[in-house]
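Visitor: Just dropping this structure here.
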Amino acid sequence: MKKFNFRKVLDGLTASSPGGSAGGGGAGGGSAHPGGTAGAAGTPREEIQETLTSDYFQICKTVRHGFPYLPTALAFDPVQKILAIGTRTGAIRILGRPGVDCYCQHESGAAVLQLQFLINEGALVSACADDTLHLWNLRQKRPAILHSLKFNRERITYCHLPFQSKWLYVGTERGNTHIVNIESFILSGYVIMWNKAIELSTKTHPGPVVHLSDSPRDEGKLLIGYENGTVVFWDLRSKRADLRAYYDEAIHSVAWHHEGKQFMCSHSDGSLTLWNLKSPNRPFQTTIPHGKIQRDGKKPESCKPILKVEYKTCKNSEPFVIFSGGLSYDKACRRPSLTIMHGKAITVLEMDHPIVDFLTLCETPYPNEFQEPYAVVVLLEKDLIVVDLTQSNFPIFENPYPIDIHESPVTCTEYFADCPPDLIPVLYSVGAKHKKQGYSNKEWPISGGAWNLGAQTYPEIIITGHADGSVKFWDASAITLQMLYKLKTSKVFEKQKPGEGKATAEIVEEDPFAVQMMYWCPESRIFCVAGVSAYVVVYRFSKHEVNTEIASLEVRLQYEVEDIITPEPEIIPQFPDASSQLPSLKSLSGSTNTVACEGMMKDSIPCLSVKTRPVRMPPGYQADLVIQLVWVDGEPPQQITSLAVNSAYGLVAFGNCNGLAVVDFMQKTVLLSMGTLELYGSSDPYQRQPRSPRKSKQFAAGLTELSDSPVSLELERCKSPTSDHVNGHCTSPTSQSCSSGKRLSSADVSKANRRGPGRPPFRKAQSAACMEISLPVTTEGYISRRAMLQQLHGISSFSHDERHCTAHTWMNKENRENSFSRSRSSSVSSIDRDSKEAITALYFMESFARKNDSAVSPCLWVGTGLGMVLILSLNLPASDDLRQSEPVMVSPSVWLSFLSEGCREAEGSSGKETQMLAGTVLTLKGAVLTFACLDCTGTLIHPPYEVWRDPHSADDGEKTRKRKLVMHSPSSSQDMGDHQFAVICSEKQAKVFSLPSQTCLYVHNITETSFLLQADVVTLCNSVCLACFCANGHIMTLSLPSLRPLLDINYLPVTDMRIARTFCFSNEGQALYLSSPTEIQRLTYSQEMCDNLQDMLGDLFTPVETPEAQNRGFLKGLFGGSGQAFDREELFGEATAGKASRSLAQHIPGSGGIEGVRGAAGGVIGDLTRARIALDERGQKLGELDERTASMMASAEAFSKHAHEVMLKYKDKKWYQF
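With the sequence shown counted from 1, adding 55 to any position gets you this note's numbering.
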């Protein structure tokens, strides 16, 4: 029977009271917060006037960057020069000049089958897989649907909209052709039935309509292509077929010659047939471009289908025939290709990805003129390229869009708004030197739309880490995205030989260099990367190329503890214990040492090999130090879960589920390498004990000692001056024993079986990057952020008994993690019990290290997965001149507890203060996520940093070599006052402490049923707030320091891991996440940004005069057909054709509201602008006419004058005197 603690019950009632959500209630007052801790003194709270209110916040999406995910359709407006791409998810991306990038989404989410521009009309028709047509208004910055037409009985297969026509031809799967009025989006009564189009003697159905186009020669004739190879030339006036052509291979596409006398078809056997309207019985030319010519003169062998062909003519050269597919079957390994036939020359352009669609860009929009093609847009599954047809070698254009975000899968992101303004030009200058050559020298042909800089002027940088180890820096200013610089972190490691792959496969299966975590200090330009193979690389920025060796350190970080002791019987797990699993495991695995390498247990071996030879480092980020975790007693190093760097201190700290390491990257030494339990010492609140007695052999803290290694002497030189390498202890005054590893006892030999024969300790980095696992919208499937992160990052913090799983259970782990119960059952408690206490948050800052300290000092704040906060005091040399020689001391000083709920109940001290090594233990639920520090005025205190100086500058003077440190920002240490506010946020709660008294001033219970994925203290409108993203999709902001709720909107349910892994906040109300494997979605939670967004977005439609048609000449007008006299309105209108059946299609009005009003306003403005242009042109022409009239009058006057003079001269003379 469970025992109740009445004090705990009363505390729980207090916490659930109405005033319990925020301790202070208002900005300037309030009583003690719930939970029993003492309230703050009135003075600090009264001094701070918080300026942020809920009116400052609003959430909206701003822009989406990257390549459209799963593209399906392509369209181009040759007059407006904008491009539209449809996707399988129902999205449409419209691209113009750089900066003009619009994303819109069909509410149904149905795949886009086809797109058709209303050329130079500012409208777009989309046909979707749910058999619905939509008309989009592009005369507004955010396009909206004006009309929709849902087909009920037939499925749409092909659409065609003739140039300058308002009637849309729609082909269906049944072979029928319907006609839709674009203006009203109503179906015409005119229908071309398939049984009337084919001959009566034909007994088989011709199949779906695969092509529709009107004749360039006569708009009253429609060419209909059916899948089975039948082509019908339909006379719209007489409602009968003029001619029919049959071919025994299926048709995929049809293309006209501009004169309208010939057309070309592509077929499923890789052939191209050219037909003449005068002799439709058989094609007058049949070619299989990539087929092998038979020796006996037989027909060339069949090839793969030609999926699309375009036939474009030139006035001064041979026509272009461009097609995709059609390769020979015997070349199975060849990549997808685009073939360009120009005269007798055949050029095959191989692509990196399958071709989805392509379009030929021509000089004229009129189909009956010489087309004069100048480029080909090729839409691939994962890329967009444009080929220049005006040059004989067909180079591609340099793409200005950021569509290569997914060049390697994105594994992590960082977002920096309002960063130093000199960074973007500096990064661009070093990145421009690595640009590829060989692009076309022509301008990018997709140049439509208009874009201006807008009111937002501060610089923004986005950093993306990738599965191949690359890191990309992007200029994200003014809602654009442009690549600045690319860093390849894998270059610091040796390339693995084919024979060495097996050893690495035990650690990371596919991507050993995948970037897992990044930390960047923009002011000092220090950049740090944590990789999936348990390593950290510290980079410094330099404008000079150097040749140097890469310094490296190896750290042992492995420690195991017994299970957490808890008095509650309900927390006893239902799963069998580790010891009971061993016999069955042996029978499953059949091996006693699955991690053995050539018969020997792995120990003190890093996962990767750092290059030992001098390496050429180009200008940019250059590796300064590589830190690697090593295998310990056959156990692989665990992935890094937290990372922090401080340039002023010269320290880098990182932690994982085993413990914490602190490294001095200036002296290249390890200062601290301890298990999490050892950081507590004898004051561990859980009273955990080592799993087995320590053996006599001890390892150096932080460095690997290999007695038989020739580099051991070199490693000895790099050892930390603050460590005792005999006993493996840190010599800091208050440090505890620092044993970093132990040998297996005879009773523990079976621990080597913890990993099954196929049990990888890490998830594939690429699969993590492209994960599409569906999560419950309410996040009921995850009991804590810790459980989610196990799946999210592949963190090997799973329980010890989980290591018994064999290869086939590795796949089942994902399913099990998706099916956790929210109740406090044994499965929940087993996570809390078995998970090692991971280091989840690290933060360097100038703070009060101990209670009642009188002055601030350098500190490292450490947060753990079980809710504990440790403050490590950093004792730096007094003078900067001694920094390179004097040791740095690291010592634990304060513990603050943010306990998970189960552990808090076990502790039984909710709301009580417990003294631990001069520190204070306070209870709070959830793993620690983030820290921040405010001064006595509520202003954010930035961590100290070193002002950047080039480490390889040519000027070696003392002034340039001396470090310049900025210790406090924005106020100096004298102005900081006698106290600070420490802001600490966990996955469940946020608290604000007063330092140095360590009194909790405010507390806010952020969520009870879910957990936070991301939390950051950000600046907005010259103030600060706490921004949180919850697993249930809520985005929240809290005021600081009072933690008043300012915003809480259910924005985005976490439906897959990618969102949870890449979501990040930044200053000035900015945030982003990876919405698909290829796209970054940016959003804002600032009201000011939402108000200004309309001005920052690009215009898709700009008033442009439609080019005039060429003069056809008298003879062509006389004998070229009667297309000009064709009146579609008279033929398809209701008066002649009647009404269509109501059951055939349903008209759906488009979304109105403000978007429709804005669209109408945009349309009116566009009409007015065009009218103004027309008036200007008319005025110009009238001016020219006036000038000509004046010139004629002047010449007439001169003629009159001369005539008058002649008349006077001969006035009095007789005729015979001439």
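C-beta atoms are modelled at their ideal positions from N, C-alpha and C, and glycine is treated no differently.
One question on the structure: do D459 and P450 come within less than 8 Å of each other, judged by their Cβ atoms?
Guide: Position 404 of the sequence shown, counting from 1, holds the residue named residue 459. Position 395 of the sequence shown, counting from 1, holds the residue named residue 450. In this structure, P450 does not lie closer than 8 Å to D459 by Cβ.
Visitor: What are the complete alpha helix (DSSP H) segments, minimum 4 residues, inside the segment 223–308?
Guide: Those alpha helix (DSSP H) runs which fall completely within the segment 223–308 and span 4+ residues are 249–252.
Visitor: Jot down the residue ranges of each uninterrupted alpha helix (DSSP H) in the segment 1062–1127, minimum 4 residues, whole runs only, in chain order.
Guide: 1112–1117
Visitor: Classify F1187 as helix, strand or coil using the three-state DSSP reduction.
Guide: Locating residue 1187 in the sequence shown gives position 1132, where the first residue counts as 1. Of the three classes helix, strand and coil, the one that applies to F1187 here is helix, per DSSP.
Visitor: Where does G730 fall in DSSP's three states?
Guide: Numbered from its first residue, the sequence shown carries residue 730 at position 675. Reduced to three states, the DSSP call for G730 is strand.
Visitor: How is D473 classed by DSSP in three states: helix, strand or coil?
Guide: As a working note, residue 473 is residue 418 in the sequence shown. Of the three classes helix, strand and coil, the one that applies to D473 here is coil, per DSSP.
Visitor: When you compare each of G275, R292, D269, N336 to V309 by their alpha carbons, which one comes out closest?
Guide: The residue you call residue 309 lines up with position 254 of the sequence shown. Looking at the Cα atoms, D269 is the closest of the given residues.
Visitor: Between the segment 175–187 and the segment 197–205, are three or more C-beta pairs nearer than 8 Å?
Guide: yes
Visitor: Please name the residue or residues paired with R678 in a DSSP beta bridge.
Guide: Sequence index remark: in the sequence shown, residue 678 carries index 623 (1-based). Reading the sequence as shown, one finds Ala at residue 678 and not Arg. Answer is Y594, bridged to A678.
Visitor: Considering only residues of the same chain and omitting the five flanking positions on each side of L173, which have a CB-CB separation below 8 Å?
Guide: Within the sequence shown, residue 173 is the residue found at index 118, counting from 1. Taking C-beta separations shorter than 8 Å and ignoring five residues to either side along the sequence, the partners of L173 in its chain run L179, V180, L216, I237, following chain order.
Visitor: When you compare each of L929, F131, E604, T895 to F903 by their alpha carbons, which one comes out closest?
Guide: One-based indexing of the sequence shown puts residue 903 at position 848. Of L929, F131, E604, T895, the residue nearest in Cα terms is L929.
Visitor: Just verifying my parser: in three-state terms, what is the DSSP assignment at D719?
Guide: Along the sequence shown, one-based indexing puts residue 719 at 664. DSSP, read as helix, strand or coil, puts D719 in strand.
Visitor: Taking the alpha-carbon positions, what's the P1162 to H397 distance?
Guide: For this step, residue 1162 is matched to residue 1107 along the sequence shown. For this step, residue 397 is matched to residue 342 along the sequence shown. The straight-line gap from Cα to Cα measures roughly 27 Å.
Visitor: For T11, is the classification buried or exposed, using 16 other Cβ atoms within 10 angstroms of its Cβ as the cut-off for buried?
Guide: Because the chain here runs from 56 to 1273, residue 11 falls outside it and cannot be looked at.
Visitor: Is D132 helix, strand or coil by DSSP?
Guide: Residue mapping note: residue 132 aligns to position 77 of the sequence shown, counting from 1. The answer is strand: DSSP assigns D132 an E or B state.
Visitor: Considering only C-alpha positions, which residue in the set N454, L138, M900 is nearest to A985?
Guide: Reading the sequence shown from its first residue, position 930 is the one you call residue 985. Reading off the sequence shown, one finds Thr at residue 985, where the question assumed Ala. For T985, the nearest C-alpha among the options comes from M900.
Visitor: Between I440 and L612, what straight-line distance do the alpha-carbon atoms span, to the nearest angstrom?
Guide: Residue 440 sits at position 385 when you count from the first residue of the sequence shown. Residue 612 sits at position 557 when you count from the first residue of the sequence shown. So the alpha carbons of these two residues sit roughly 48 Å apart.
Visitor: Near T187, which residues of its chain fall below 6 Å by C-beta distance, leaving aside the five closest residues on each side in sequence?
Guide: Here residue 187 refers to the residue found at position 132 of the sequence shown. Here the set comprises S203, K205.
Visitor: In terms of alpha-carbon separation, which member of C417, E405, S728 lies closest to F375?
Guide: Within the sequence shown, numbered from 1, the residue matching residue 375 stands at position 320. The option with the nearest alpha carbon to F375 is C417.
Visitor: Whose C-alpha, out of Y470, T144, S243, L393, is nearest the C-alpha of A1126?
Guide: Here residue 1126 corresponds to residue number 1071 of the sequence shown, with the count starting at 1. It is Y470.
Visitor: For a minimum of 3 consecutive residues, which ranges assigned as the beta strand (DSSP E) are wholly contained in the segment 101–127?
Guide: 112–121
Visitor: Alpha carbon to alpha carbon, how far is E1242 from P1158?
Guide: The residue given as residue 1242 occupies position 1187 in the sequence shown. The residue given as residue 1158 occupies position 1103 in the sequence shown. Going by the C-alpha atoms only, they are around 29 Å apart.
Visitor: Within the continuous alpha helix (DSSP H) that includes L173, where are the two ends?
Guide: Within the sequence shown, the letter at position 118 stands for residue 173. Counting along the chain, L173 sits inside no alpha helix (DSSP H); it lies in the beta strand (DSSP E) bounded by residues 167–173.
Visitor: If we ignore side chains and look at the alpha-carbon of each, how far apart do Q1142 and Y898 end up?
Guide: Position 1087 of the sequence shown, counting from 1, holds the residue named residue 1142. Position 843 of the sequence shown, counting from 1, holds the residue named residue 898. Between the alpha carbons of Q1142 and Y898 lies a distance of about 30 Å.
Visitor: For H461, which of helix, strand or coil comes out of DSSP?
Guide: Residue 461 sits at position 406 when you count from the first residue of the sequence shown. DSSP places H461 in the helix class (H, G or I) of the three-state scheme.
Visitor: Based on DSSP bridge pairs, tell me the residues matched to K363.
Guide: As a working note, residue 363 is residue 308 in the sequence shown. Its beta-bridge partners are S379.
Visitor: Using 8 Å as the threshold, is the segment 1053–1063 in touch with the segment 911–922, meaning 3 or more CB pairs across them?
Guide: no
Visitor: How many angstroms separate the CA atom of L129 from the CA atom of T415?
Guide: As a first step, residue 129 must be located in the sequence shown, where it is residue number 74. As a first step, residue 415 must be located in the sequence shown, where it is residue number 360. Rounded to whole angstroms, L129 to T415 spans 11 Å at the Cα level.
Visitor: To the nearest angstrom, how far is it from the Cα of N231 to the Cα of V264?
Guide: Here the question's residue 231 lines up with position 176 in the sequence shown. Here the question's residue 264 lines up with position 209 in the sequence shown. Taking the straight line joining both Cα atoms gives about 7 Å.
Visitor: Can E515 be considered in contact with the ligand FAD, in the sense that its beta carbon sits closer than 7 Å to one or more heavy atoms?
Guide: With respect to the ligand FAD, the structure shown offers nothing to examine, as it has no ligands at all.
Visitor: Looking only at DSSP bridge pairs, what is G208 linked to?
Guide: As a first step, residue 208 must be located in the sequence shown, where it is residue number 153. The sequence given here places Arg at residue 208; Gly does not occur at that position. DSSP lists no partner for R208.
Visitor: With DSSP collapsed to three states, give me the class of Y1000.
Guide: Position 945 of the sequence shown, counting from 1, holds the residue named residue 1000. Note: Y1000 maps to strand in three-state DSSP.
Visitor: By the three-class DSSP mapping on this structure, what secondary structure does T1244 have?
Guide: Sequence index remark: in the sequence shown, residue 1244 carries index 1189 (1-based). T1244: helix per DSSP, three-state reduction.
Visitor: Return helix, strand or coil for T468, following the three-state DSSP convention.
Guide: As a working note, residue 468 is residue 413 in the sequence shown. Strand, per DSSP.
Visitor: Between which two residues does the alpha helix (DSSP H) carrying E1143 extend?
Guide: Position 1088 of the sequence shown, counted from the start, is the residue given in the question as residue 1143. Looking at the DSSP string, the run of the alpha helix (DSSP H) that includes E1143 is 1142–1151.
Visitor: Who are S334's beta bridge partners in DSSP?
Guide: For the purposes of this step, residue 334 is identified with residue 279 of the sequence shown, where counting begins at 1. Answer is N331, bridged to S334.
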